[in-house]
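**Student:** Here it is, the structure, as structure tokens.
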Amino acid sequence: MTKPRGMSANGVYHVVVKGNNKNDIFCDDEDNMKFLHVLQDMQTEGKIDCYAFCLMVNHAHVMLRVKEDSISEVMRSIMLRYVKWYNNKYERSGRLFEDRFFSNPVMGKKMDSQEA
């Protein structure tokens, strides 16, 4: 049984997506750029603010803030957009990512009135 996701009060999360069965999800620079374009598109659409990312060969770390949708809805959209492109590029079908992405809420420091 999977544990419920921790929810962030400020909408900021550290998210990790991994290749299914530890397989590569980024095979070349074009793959990296496509994933970053997907993040950029989501930001342009007003769905997220992307603060940081680290793309590895078989996984990626992203720190983002979700604006209106849940983290699950946002990540589903990001992963689906990338997988459709990736599967078309490599003439493949099926799952690219593990079943569930990892997300950890990032708690920001509250500022008192003297710091503001």
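With this note's numbering, letter number 24 in the sequence shown gets 260, and the count goes up by one each step, no holes.
We treat Cβ as the ideally placed atom computed from N, Cα and C, and that holds for glycine.
Note that this is a predicted model, so its numbers are computed, not measured.
1) For Y318, does the count of other Cβ atoms within 10 angstroms reach 16, so buried, or fall short, so exposed?
2) Under 8 Å by Cβ, that's how I've got N294 and G255 pegged, so tell me the actual separation to the nearest angstrom.
3) Applying the criterion that 16 or more other CB atoms from any shown protein chain within 10 Å of the CB defines a buried residue, is K283 buried or exposed?
4) May I have the straight-line CA-CA distance separating Y322 from D260, to the nearest angstrom?
5) If contacts are defined as beta-carbon pairs under 8 Å, then V195 and F333 qualify, I think. What distance do you get, rounded to the angstrom?
6) Taking the straight line between their C-alpha atoms, what separation do you get for F289 and S244?
7) Around the Cβ of Y287, are there at least 16 other Cβ atoms within 10 angstroms (buried) or fewer (exposed)?
8) Pairing CB atoms from the region 301–312 with CB atoms from the region 267–277, are three or more of them under 8 Å?
9) In the structure shown, what three-state DSSP assignment does D267 receive?
10) Using a 10 Å radius around the Cβ and a threshold of 16 neighbouring Cβ atoms, would you call Y326 buried or exposed?
**Tutor:** From the atom records:
1) buried
2) 4 Å
3) buried
4) 11 Å
5) The structure shown does not extend to residue 195, since the chain is modelled only from 237 through 352, so no value can be given for it.
6) 19 Å
7) exposed
8) no
9) helix
10) exposed
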